[in-house]
Structures are given as C-alpha cells and as structure tokens.
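Take a look at the structure below.
Numbering (the numbering used here), first residue to last: 169 to 605.
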C-alpha cells in the first residue's frame with residue numbers, strides 16, 4: 169500500500185515513520201524545502217526518543233520518502249493523511265487554512281479513487297467543509313472521480329509517541345463509507361492484529377473525541393492542582409489524597425499528579441478550541457473555562473512560593489531552573505510553565521540560570537540571552553538563592569545533595585513536580601517547598 173502524509177511536524181513524521189516500519193510505502197510531504205532536504209539525509213527536526221534511528225532505517229530500506237509537492241505522488245497513493253498544523257487564531261478557534269490547502273491540492277490532482285484522512289486536530293464539522301471544497305473543485309475540473317473523506321485523530325504522547333503509535337490504546341476512524349473503512353482497516357491491521365481496538369464512528373464524533381479526550385485529561389490535571397492548593401491551606405497531603413482517590417476504579421490513578429501547570433502543543437490549544445466551538449454553537453463550557461483559569465494561575469505558583477520566601481523584589485537574587493520543556497523526553501516548550509516563571513523572575517529583577525537536557529536550543533530560540541544557559545544541572549545551581557524544579561527529567565530525581573548544598577548560596581528547593589522527599593532534604597540542610605503539602 170502507498171500512502172502520503174502532508175506535514176512533517178510531530179504527528180506527521182512519527183505517523184509516517186511508524187507506517188513505514190510496518191512495510192507500508194510512505195511519502196512525507198512538506199513545503200519547507202530545507203526541512204525535506206535534512207529529512208532525506210535522516211536528520212530530524214524534533215526530539216523524540218528512538219525516532220531518528222527509525223527514520224534512517226526506513227529511508228535505507230526504501231520505504232520512507234520525502235517530497236515537497238503532494239501532486240507528484242497523487243497518481244500512486246491510496247490514502248493521503250493531512251497532518252498539517254492547526255494553530256489557534258487570536259479568538260482561540262483553530263486556524264484551518266493549511267487543512268483546506270491540502271484539500272485543494274488533493275482535489276486538483278485526484279485522478280483515481282483515494283481517501284483524504286484528517287489527522288490534524290480540527291473542530292467538529294471540518295470534514296464536511298473539506299468534502300464540500302473537494303467536490304466543488306472536481307466540478308470545476310469537469311470530472312467525476314470517487315473519493316472519501318475520513319477523520320483519524322491522533323493520541324500520541326510526546327516522549328512516548330513511537331510506542332503509542334505502534335501499540336495504540338485505540339485507533340479512532342470516523343467515516344461514512346464502507347469502502348474507506350475497509351481500506352483503513354487494512355492499513356491499521358498490522359498495528360492491532362486482533363482488531364478490537366479499532367473504533368469506527370461517524371465523522372463528527374471522531375472529530376469530537378480528540379478534543380474531548382484532551383480536555384478530560386486537562387481537567388484532571390487542573391482539578392488535582394486545585395485540590396493540592398487547598399491541601400496546603402488545610403494541612404492535608406495531596407500525595408496521600410491522590411493515592412486514596414486513585415484507588416477508586418471509577419477514577420483511576422492516571423493524570424492525578426499535581427504540579428506547576430500543563431503546557432505543550434495539545435492541551436492548551438485544544439481546550440481553547442473546544443471552548444470556542446461551543447461558543448459558536450451557543451453553549452458555554454463552564455468547566456473548561458475553569459480548567460483553563462486554574463492552569464494559567466498554577467503556572468505562577470513556584471514564583472509565588474519564592475516571593476513568600478524573599479519578597480517581591482528579587483534584585484540581586486540568583487534563581488536556578490531545572491527543566492524548560494513542558495514535560496520530560498521532549499524539547500517542546502510551547503505553553504511551558506517555565507516560560508511564565510522565567511518572565512516573572514526577570515520582571516522581579518532576578519538573575520536566572522537554566523538547564524534542560526534537550527530544550528536549551530529551543531529556549532535560546534525563544535528567549536535569546538535573557539537567561540544564563542548552564543552546561544549542566546549543578547552549574548545552573550551555582551551561587552543560586554533558590555532552585556526551582558519545573559520539569560521532572562529522570563536525571564533530576566536523585567541529585568547529589570552534597571554537591572548541590574556546596575554549590576548553592578542558599579539551600580532552598582521549590583519542587584514543582586513533587587519528586588523529592590521533604591524529610592530527607594530537610595535532614596540534608598535544605599529548605600523544601602512543593603505542591604500540595
């Protein structure tokens with residue numbers, strides 16, 4: 169089977185590479201000529217564990233190709249996946265210009281039956297707009313060629329994307345065509361030989377599932393952050409609360425970890441987009457508006473704890489930050505709590521030293537020379553009045569406390585991910601603050 173994937177961002181590149189790994193002939197399309205040239209050499213533009221090796225392996229095997237024009241491969245492919253960006257507009261709605269551009273190219277170069285599958289996260293009703301646009305262009309061309317449109321939302325976690333794609337919890341496909349369902353079942357069969365995780369729905373439901381799933385996960389995070397903040401005020405321990413409620417099988421343990429807020433490319437954008445979709449339909453998503461409000465407030469909590477210790481004027485203070493990416497195993501800093509914290513620290517007059525195992529280059533791209541970039545975690549803490557742990561990278565979990573105590577000017581650790589034991593740190597001479605205790 170030959171397929172094309174338009175868009176070589178996170179979703180498109182991971183999806184294309186994993187399809188190729190299963191023996192499918194894949195061409196990944198992107199209008200960025202420089203990026204395609206680098207990808208052809210096996211150099212990938214994102215950090216995802218194991219992806220670079222898999223890309224090179226499938227290029228060498230002749231199953232993974234890269235090109236800049238969808239039109240060149242349309243005669244051969246059976247399925248075209250649209251994995252282009254849907255950035256939020258100023259009002260929070262998803263910008264569909266790139267999705268519609270793919271639909272136009274598909275329609276102008278369609279010469280036999282093919283399926284256009286939207287993998288990008290798009291509002292409910294997008295597939296209907298795509299189908300209408302394709303039909304209009306085919307009518308303008310004066311041709312009658314069968315095609316189908318489908319929705320196949322992605323559920324990849326950054327840092328574990330290959331595992332998620334190769335062994336998915338579920339694959340959701342929205343389609344109104346038995347023919348398209350059969351083709352897509354054949355495409356996904358190698359990933360789930362038993363087939364029970366392949367879920368077919370109507371197209372609007374498939375489009376809604378992605379937004380509903382991410383919004384539910386964001387809701388759990390904001391709920392636990394709200395509970396954690398209350399625990400601090402009433403003397404409870406949020407870790408004990410988390411274990412107690414997570415043992416309830418109706419609730420479960422996942423996504424009940426309090427912290428300093430969620431970020432990334434999905435949750436913030438998708439929550440905003442679903443709120444906007446509801447507004448356009450005349451409905452107010454009260455719960456999700458609260459989720460968004462709690463999350464934005466939570467991104468300031470480490471700074472607020474620092475101010476409680478030193479006061480609002482941080483002039484002459486040095487603050488170390490461990491972790492810049494919004495989560496471990498990625499260099500993605502989109503909507504990262506670290507950006508909010510750094511902005512507040514700089515505004516308060518602090519000198520900021522930062523370290524992250526993979527996101528330093530991305531931080532330099534975003535912040536330039538506003539902060540000091542340390543060569544390792546201990547260098548970041550040199551002469552620091554406080555250490556803020558923002559991302560729970562594994563290498564931060566068991567630091568040499570002796571080295572850290574000798575390095576820091578003031579032994580204050582503010583843990584935004586609750587990865588340390590308070591009693592042990594206090595025994596070693598540290599002042600320790602965390603979330604929800």
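By construction, the Cβ of each residue, glycine as well, lies at the ideal position given by its N, Cα and C atoms.
Just so it is clear, the structure is predicted and the values come from calculations on it, not from any experiment.
Helix, strand or coil: how does DSSP classify residue i here?
| i | result |
| --- | --- |
| residue 445 | helix |
| residue 214 | coil |
| residue 450 | coil |
| residue 250 | strand |
| residue 196 | strand |
| residue 539 | coil |
| residue 520 | strand |
| residue 319 | strand |
| residue 177 | coil |
| residue 340 | strand |
| residue 286 | strand |
| residue 389 | helix |
| residue 494 | coil |
| residue 471 | helix |
| residue 592 | helix |
| residue 601 | strand |
| residue 332 | helix |
| residue 583 | strand |
| residue 279 | coil |
| residue 172 | strand |
| residue 367 | strand |
| residue 552 | coil |
| residue 557 | strand |
| residue 421 | coil |
| residue 428 | coil |
| residue 399 | helix |
| residue 562 | helix |
| residue 436 | helix |
To the nearest angstrom, how far is it from the Cα of residue i to the Cα of residue j?
| i | j | result |
| --- | --- | --- |
| residue 505 | residue 523 | 14 Å |
| residue 404 | residue 426 | 14 Å |
| residue 259 | residue 179 | 24 Å |
| residue 281 | residue 368 | 21 Å |
| residue 450 | residue 444 | 10 Å |
| residue 175 | residue 250 | 7 Å |
| residue 342 | residue 382 | 18 Å |
| residue 619 | residue 289 | Outside the shown range of the chain, which is 169 to 605, sits residue 619, and nothing can be said about it. |
| residue 437 | residue 396 | 24 Å |
| residue 190 | residue 183 | 11 Å |
| residue 579 | residue 473 | 15 Å |
| residue 535 | residue 302 | 42 Å |
| residue 414 | residue 575 | 38 Å |
| residue 325 | residue 333 | 9 Å |
| residue 457 | residue 440 | 8 Å |
| residue 279 | residue 313 | 7 Å |
| residue 417 | residue 388 | 15 Å |
| residue 384 | residue 502 | 20 Å |
| residue 434 | residue 499 | 15 Å |
| residue 371 | residue 364 | 19 Å |
| residue 550 | residue 577 | 7 Å |
| residue 200 | residue 236 | 7 Å |
| residue 406 | residue 507 | 25 Å |
| residue 428 | residue 470 | 7 Å |
| residue 188 | residue 231 | 6 Å |
| residue 530 | residue 207 | 19 Å |
On the DSSP bridge list, what partners appear for residue i?
| i | result |
| --- | --- |
| residue 361 | DSSP lists no partner for residue 361. |
| residue 256 | 262 |
| residue 486 | 519 |
| residue 232 | 194 |
Hey, out of the options, whose CA is closest to residue i's CA?
| i | options | result |
| --- | --- | --- |
| residue 245 | 234, 430, 171, 525 | 171 |
| residue 512 | 482, 213, 500 | 482 |
| residue 374 | 525, 417, 497, 338 | 338 |
| residue 487 | 515, 227, 293 | 515 |
| residue 275 | 475, 311, 436 | 311 |
| residue 477 | 601, 566, 335 | 601 |
| residue 360 | 236, 335, 256, 304 | 335 |
| residue 565 | 552, 496, 423 | 496 |
| residue 340 | 409, 598, 356, 347 | 356 |
| residue 527 | 207, 214, 209, 201 | 214 |
| residue 267 | 352, 227, 173 | 173 |
| residue 376 | 452, 254, 293, 181 | 293 |
| residue 401 | 186, 605, 177, 203 | 605 |
| residue 328 | 177, 219, 508 | 219 |
(request) Decide if the segment 529-543 is in contact with the segment 454-471; the criterion is three or more beta carbon pairs, one per stretch, under 8 Å apart. (result) no
Contact between the segment 478-495 and the segment 315-322 (3+ Cβ pairs under 8 Å): Under the 8 Å Cβ criterion, the segment 478-495 does not count as touching the segment 315-322, having fewer than three qualifying pairs.
| message | Does the segment 259-279 come into contact with the segment 290-302, if we say contact requires no fewer than three beta-carbon pairs (one atom in each stretch) closer than 8 Å? | response | yes
For the 8 Å Cβ check, are there 3 or more pairs between the segment 233-243 and the segment 189-206?
-> The answer is yes - the segment 189-206 touches the segment 233-243, with three or more Cβ pairs under 8 Å.
Would you check if the segment 549-566 and the segment 585-595 touch, i.e. whether three or more CB-CB distances between them fall below 8 Å?
Segments in contact, yes.
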